[in-house]
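If you number the sequence shown the way our numbering does, the last residue is 393 and the count never jumps.
For each residue, glycine too, the CB sits at the ideal point set by N, CA and C.
Note sheet for the following structure.
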Amino acid sequence: MSNRFLFCAFWFFGLGLYAQNFDSTILRSIHVNRNTNLDPTFEHITNSYAVVSVGAPLVLYTAGLLNKDKQLQKEAIGMVESVAGAVFMTVALKETIKRDRPFERYPEIQKLTSAGGYSFPSGHTSIAFATATSLSLSHPKWYVIVPSFIWASSVGYSRMHLGVHYPTDVIAGALIGSGSAYLTYKINKWIDKKKNKEVL
């Protein structure tokens, strides 16, 4: 039993080292070799997560009110719920894992934008992907899906370009955001279906 425990402990330790080496190597290739002329552009992209994640549901809800479209209002509320779920999961993981930011560990990584708290997972990315996924599920058209995910992916990439997140932080953030939006969408569909059955 003790041998198995030691084997598992060493295996997880080795996996952690491998993941850290992978993270630092990829991050260096993105951040250290970046085009510094693009720093202001990526600063704007990284800050756009707040504008879009607040603006998108606000626009949808306002349009729903003006057009007396309850479905649009539901979609807006669902988007807010998706983002709230992503934020909750992200904060919980940050406080549990307590991973340091890359610029705190590697001197060659510069902090080029504001970043508070722990690194894993990326909050900006999780919120961006929650917004993009929620919007895409509600409006499954290519001209909605493609721009939404290009924007969300750009937010994730900007976090690495600006030196405040590892690649695995961004990947985890994307999965959390997308997962939160998908679960919220399915739960709301189930609730609506149940309500319709009760009416019938």
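Whose C-alpha, out of the options, is nearest the C-alpha of residue i?
i	options	result
L231	R352, S246 and N214	R352
I274	S222, Q264 and T377	The displayed chain sequence assigns Glu, not Ile, to residue 274. Nearest C-alpha to E274: T377.
F235	D362, L305 and G316	L305
Y242	H317, S331 and A365	H317
G370	S327, I302 and H224	S327
T239	Y350, L330, P295 and K387	Y350
F281	I384, A374, A325 and D216	A374
L220	A367, K386, V363 and N381	V363
I320	F342, S222 and P295	F342
T289	S246, Q303 and S312	S312
A365	L259, T229 and V284	V284
How would you write the range of the alpha helix (DSSP H) that residue i sits in, first residue to last?
i	result
A277	K263 to I290
F313	Note, F313: premise wrong, no alpha helix (DSSP H); not H, not E.
Using DSSP with H/G/I as helix, E/B as strand and the rest coil, what is residue i?
i	result
D293	coil
R227	coil
S217	helix
L253	helix
Y359	coil
I302	coil
P333	coil
S346	helix
Spell out a yes or no on whether the segment 245–254 and the segment 262–269 are touching, meaning 3 or more CB-CB pairs, one atom from each, closer than 8 Å. Contact between the segment 245–254 and the segment 262–269 is present: 3 or more CB-CB pairs across the two stretches fall below 8 Å.
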